[in-house]
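Numbered by mature numbering (1 follows the signal peptide of the UniProt record, and there is no 0), the letters in the sequence shown go through residues -24 to -1, 1 to 155 in order.
In this text, a Cβ means the ideal position worked out from N, Cα and C, and glycines have one as well.
All values reported here derive from a predicted model rather than from experimental measurement.
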Amino acid sequence: MKRIFIPLLAAAVVSCLFSCNNNTEVKTSAEQPKEQVAVPTDTIINTIVLEEIAIGDATVKDALKMSRDGHFSILGKEVGVLSTNGQLKDNKGKVLAKMSGDQFKDANGKVLTIIKEDGTIVNGSGKDLSWGENGLLKNSEVEMYLTPANTKAKRAASILLFTYFSFSGGQAELTNKFK
């Protein structure tokens, strides 16, 4: 009986292994294909980090302020809101500008400047403006600081600063604008 049982058992095991391998494919979790979501090629996804920040100079440390929900003010007067999708609106809800990738565009879609994810403003002069580790705006004619210096909202700070200078006639001093 042993002589017949062992070869039959071995044949059954081998047969089962072959039939299982041919009919089903076993994949480990690392081999499983991940579901891919199709994104149209013309779609640019922006996520702007919003944190409580302030931008100022030696005289006024918080001339420009932004709250955690994107509301921003100039010298204490609330003037608009920045959303996490990069849309900048005035107090009445009118869209003033929007980020599209690295391009900061006006409401009509005209590119105003390039603002990189790290907050660097490409201004075309060859000396890009960027925030230093201590919060100082580098390559600027005016000494301006971002507080807190280690914020993740440097792109939002650059959007607000660029917008402020664009809509205020390009004057360099923050503190004399709205007195």
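Alpha-carbon spacing of F80 relative to G102, whole angstroms: 18 Å
For K65, three-class secondary structure by DSSP: strand
Alpha-carbon spacing of G100 relative to D78, whole angstroms: 14 Å
Span of the alpha helix (DSSP H) around T89: T89 -> not in any alpha helix (DSSP H); beta strand (DSSP E) instead, spanning V87 to I91.
Burial state of T23, where buried means 16 or more other Cβ atoms lie within 10 Å: exposed
Environment of T139 [buried if 16+ CB atoms lie within 10 Å]: buried
Span separating the alpha-carbon of K86 from that of G62: 15 Å
DSSP state of T123 mapped onto helix, strand, coil: strand
Proximity below 8 Å, CB of L88 to CB of D82: yes
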